[in-house]
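The structure appears below as C-alpha cells.
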Amino acid sequence: MSKQRQIRTVVGWLLLISITLFPTSIFAFPEYTSKLNAIKLAETLDKGLYRDLRISSVFVKNRTNDEHFLQAVLEDGSSQEWKLNQVYEWSLTDQLQLTGNRVLVFPSSESTEFGILDKNEFYRLVLTSQAYVKTYGEHDLLEGKRMTYGIRRFRMLHPGEEEQFAADDQGNRFRYVLELDNGGREIFTYLDAYQLMNDGAFIQDPLEDDVILSQPFLVRELVALPRQVEDELRNIWRFGVEIIFDQNVALTPDLIPYQIVEQNLRDPETGLRKNQFFIQVMIPNAEKIREVPGFRTLEYLQHVEVVTDVEHQQRIFLKAQINPQIFELPPFVEVTSNNSIVVNFFSVTDQSVTRRQQFLDSRIPIAGLQSAFFSYPQETEFERYYLQAVEQIRSAQRQSNLHLKIETYLNALDSLHESALQAQNDQEIAQALLQRDTLLKTLPDLIISNTQRKILESTQMEQDSIQMEETRRQLLSHLDRAADFAPQRDQQQKIASLRNILR
Numbered sequence: 002m003s004k005q006r007q008i009r010t011v012v013g014w015l016l017l018i019s020i021t022l023f024p025t026s027i028f029a030f031p032e033y034t035s036k037l038n039a040i041k042l043a044e045t046l047d048k049g050l051y052r053d054l055r056i057s058s059v060f061v062k063n064r065t066n067d068e069h070f071l072q073a074v075l076e077d078g079s080s081q082e083w084k085l086n087q088v089y090e091w092s093l094t095d096q097l098q099l100t101g102n103r104v105l106v107f108p109s110s111e112s113t114e115f116g117i118l119d120k121n122e123f124y125r126l127v128l129t130s131q132a133y134v135k136t137y138g139e140h141d142l143l144e145g146k147r148m149t150y151g152i153r154r155f156r157m158l159h160p161g162e163e164e165q166f167a168a169d170d171q172g173n174r175f176r177y178v179l180e181l182d183n184g185g186r187e188i189f190t191y192l193d194a195y196q197l198m199n200d201g202a203f204i205q206d207p208l209e210d211d212v213i214l215s216q217p218f219l220v221r222e223l224v225a226l227p228r229q230v231e232d233e234l235r236n237i238w239r240f241g242v243e244i245i246f247d248q249n250v251a252l253t254p255d256l257i258p259y260q261i262v263e264q265n266l267r268d269p270e271t272g273l274r275k276n277q278f279f280i281q282v283m284i285p286n287a288e289k290i291r292e293v294p295g296f297r298t299l300e301y302l303q304h305v306e307v308v309t310d311v312e313h314q315q316r317i318f319l320k321a322q323i324n325p326q327i328f329e330l331p332p333f334v335e336v337t338s339n340n341s342i343v344v345n346f347f348s349v350t351d352q353s354v355t356r357r358q359q360f361l362d363s364r365i366p367i368a369g370l371q372s373a374f375f376s377y378p379q380e381t382e383f384e385r386y387y388l389q390a391v392e393q394i395r396s397a398q399r400q401s402n403l404h405l406k407i408e409t410y411l412n413a414l415d416s417l418h419e420s421a422l423q424a425q426n427d428q429e430i431a432q433a434l435l436q437r438d439t440l441l442k443t444l445p446d447l448i449i450s451n452t453q454r455k456i457l458e459s460t461q462m463e464q465d466s467i468q469m470e471e472t473r474r475q476l477l478s479h480l481d482r483a484a485d486f487a488p489q490r491d492q493q494q495k496i497a498s499l500r501n502i503l504r
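Following this line, the structure appears as C-alpha cells:
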C-alpha cells in the first residue's frame with residue numbers, strides 16, 4: 002500500500018470515528034451569522050460563564066459584510082475568537098452558561114438563530130400544570146395529531162438514566178422526565194422545554210370541556226360482528242370487530258388510524274418463509290394486560306387479535322392477516338357509548354376465506370386472475386396493460402429490496418397509465434385510475450424513505466464512483482416522479498431537500 006493511500010485510509014477512519022462520536026449537525030452548523038444576530042448573541046453571552054470562567058465582555062467582529070462572529074474576553078484576561086459553530090457545540094456540552102439560570106438553545110442545527118430557555122420560568126410552569134398537550138411528530142401514525150394527557154409528576158433525569166437517555170439526533174442532552182397519569186413518560190431536552198413552552202403545551206387550568214386522558218383503556222374482550230348488507234345496490238357487505246374496554250373511550254375516530262404492513266414470516270403450516278400482509282388498527286392510550294381471545298378466521302381476515310405496540314407506550318393494535326388483493330375498502334371506526342370501539346370492514350364481493358389455500362397463495366396464476374376480471378374471448382389492449390400492472394404490483398410486494406420494489410412499482414404505474422389510455426368504457430377507466438391512485442398514495446413515502454437510506458449508506462460505505470453516479474441518477478429520477486404526485490406539503494419539502502443533497 003502506498004504512503005498516500007495509507008494517509009487517505011487513516012483520514013477516512015478518523016472521519017468515521019468523529020462522525021460516530023459527535024453529532025453530524027455540529028459539522029454542518031454555520032461558522033458565521035448576520036450582524037444583528039451576532040449583536041444579540043453577544044449581549045446574551047455577556048457576564049455568563051465559559052468553562053467556569055466569567056465572560057467579561059463580548060464583541061462582534063466580521064469577516065465580510067454578511068459574515069460575523071464573536072470576540073470574547075474572559076476574567077483571566079485571555080481573549081478568544083468564537084465562531085458560531087463553536088458556540089453551538091458548547092451550548093450542547095454545558096460549556097456555556099448564561100446568567101439567571103438560563104440556557105442557550107438552537108432550534109435548528111443548520112441555522113444560527115437561537116432562543117433562550119429560562120429554566121426557572123419553565124419549572125414554575127410545568128410544576129403548576131395539570132395537563133400536557135402532546136403533538137405527535139413525523140413517522141408516527143398520529144403525525145400532526147394532538148392529545149392531552151394528565152400530568153403525574155415532573156422530575157430531572159436520575160444519574161443512571163442519563164446514560165440510557167443520552168442525547169437526541171442534534172446532540173441536545175436529555176434533562177427532564179414528565180411522567181403522565183396513563184403510565185407513559187416524556188423525556189425532554191432544553192430545546193424541547195423551550196419549544197413546548199412556546200407552543201403552549203402545558204395547561205395550568207384546564208377548561209371543563211377539555212378531554213384529558215388519564216388511566217389507559219384496558220382491553221376486556223373482542224366481539225365478532227356478523228356480515229350484513231351495507232349497500233344492496235352496489236353489493237357492499239359489512240362485518241366488524243368490537244373491542245370492549247374497561248371504561249369509556251374518550252377518543253375520536255381520527256385518533257384511531259390504521260396501516261398495512263408487510264412482513265417476511267414463516268408460515269406455520271408449510272414452514273416456508275413468505276411475505277405476509279397485516280392490517281393494524283392503532284388505538285392510543287390503551288393497554289392489553291391479560292390474554293384476550295381473538296378469532297382464527299373472520300370473513301377475509303385471519304388471525305384477528307389484539308397485540309401491544311412494542312415501539313410506543315400505551316398503544317395497542319387490532320391486528321389481522323389480509324390478502325391485499327381483496328382488501329378493497331378501508332375500515333371505518335366508530336367510538337360507541339358502551340365502552341367500546343367498533344372497527345367495520347367491507348367487502349364488495351364474496352371474499353370469504355373458507356378457501357384458505359387461495360388466501361395463503363400469493364402466486365395466483367395470471368390466467369386465473371384474467372378469467373376472474375374479464376369474460377371477453379380475446380384479450381384487449383386494456384386487459385394486456387392492466388394485467389401487466391397487476392403482475393408488476395405482485396412482483397413489487399414480493400421484493401425485499403426497497404430500491405427494486407420502487408422501480409417495479411413505478412413500472413406498474415406506467416402500465417396503469419397505458420391501460421387507462423386504452424380503456425374503452427367508464428368501468429375500465431375507473432378500474433385503472435383507482436389502482437393508480439392507490440399506488441400514488443404509497444409511493445411518495447417509500448421513495449423518500451429509500452432516498453434517505455441510500456444517502457446514509459453512501460456516507461458510511463465506500464462505493465465505486467460509477468455506481469454512485471448511477472444510484473444518484475436513479476434516486477433523482479425517483480424524486481422527480483414523487484414530486485409530481487406527492488399530495489402533502491411536508492412530502493414536497495422533504496423531496497426538495499433530498500434533491501438539493503443529491504445535486
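Numbering (our numbering), first residue to last: 2 to 504. Virtual Cβ for every residue (Gly too), placed ideally from N, Cα, C.
Check, Outcome
"Coarse secondary structure for E90, derived from DSSP in three states", "helix"
"Any non-hydrogen atom of the ligand COA closer than 8 Å to L457 Cβ", "In terms of ligand content, the structure shown is empty, and the ligand COA therefore cannot be addressed."
"C-beta atoms of Y150 and A167 nearer than 9 Å", "no"
"Spatial neighbours of P1 in its chain, beta-carbon cut-off 6 Å, leaving aside the 5 residues before and after", "The requested residue 1 does not occur in the structure, where the chain is confined to residues 2 to 504."
"Nonlocal neighbours in the same chain, by C-beta distance under 8 Å from A487, ignoring five residues either side", "P445, Q493 and I496"
"Within 9 Å, strictly: CB atoms of A225 and V305", "yes"
"Closest residue to Q260 among Q281, Q277, S348 and F328 (Cα-Cα distance)", "Q281"
"Residue range of the unbroken beta strand (DSSP E) whose run includes S498", "Looking at the DSSP string, S498 is not in any beta strand (DSSP E); the run it does join, the alpha helix (DSSP H), is R490 to L503."
"Inter-residue Cα distance where the pair is P108 and V88", "14 Å"
"Inter-residue spacing [alpha-carbon to alpha-carbon] between R228 and I448", "38 Å"
"Residue interval of the alpha helix (DSSP H) (run including F278)", "Per DSSP, F278 belongs to no alpha helix (DSSP H); it is in the beta strand (DSSP E), R274 to P285."
"Cβ contact check for the region 113-133 and the region 76-84: 3 or more pairs under 8 Å", "no"
"Beta-bridge pairing of L1 - partner residues as DSSP gives them", "Beyond the ends of the chain as shown, which are 2 and 504, falls residue 1; an answer cannot be given."
"Among S35, P332, Y124 and L503, nearest to D255 - alpha-carbon criterion", "P332"
"Candidates L192, F246, I188 and Y177, of which the one nearest M157 by Cα", "Y177"
"Span of the alpha helix (DSSP H) around T45", "K36 to L46"
"Per-residue burial, R316 [other beta carbons within 10 Å of its own, 16 or more giving buried]", "buried"
"C-alpha distance - Q389 paired with L417, whole-angstrom precision", "8 Å"
"Straight-line Cα distance separating K41 from Q277", "57 Å"
"Helix, strand or coil at Q68 [DSSP, three-state]", "The question names Gln, but residue 68 in the sequence shown is Glu. If DSSP states are grouped into helix, strand and coil, E68 belongs with coil."
"Three-state secondary structure assigned by DSSP to D481", "helix"
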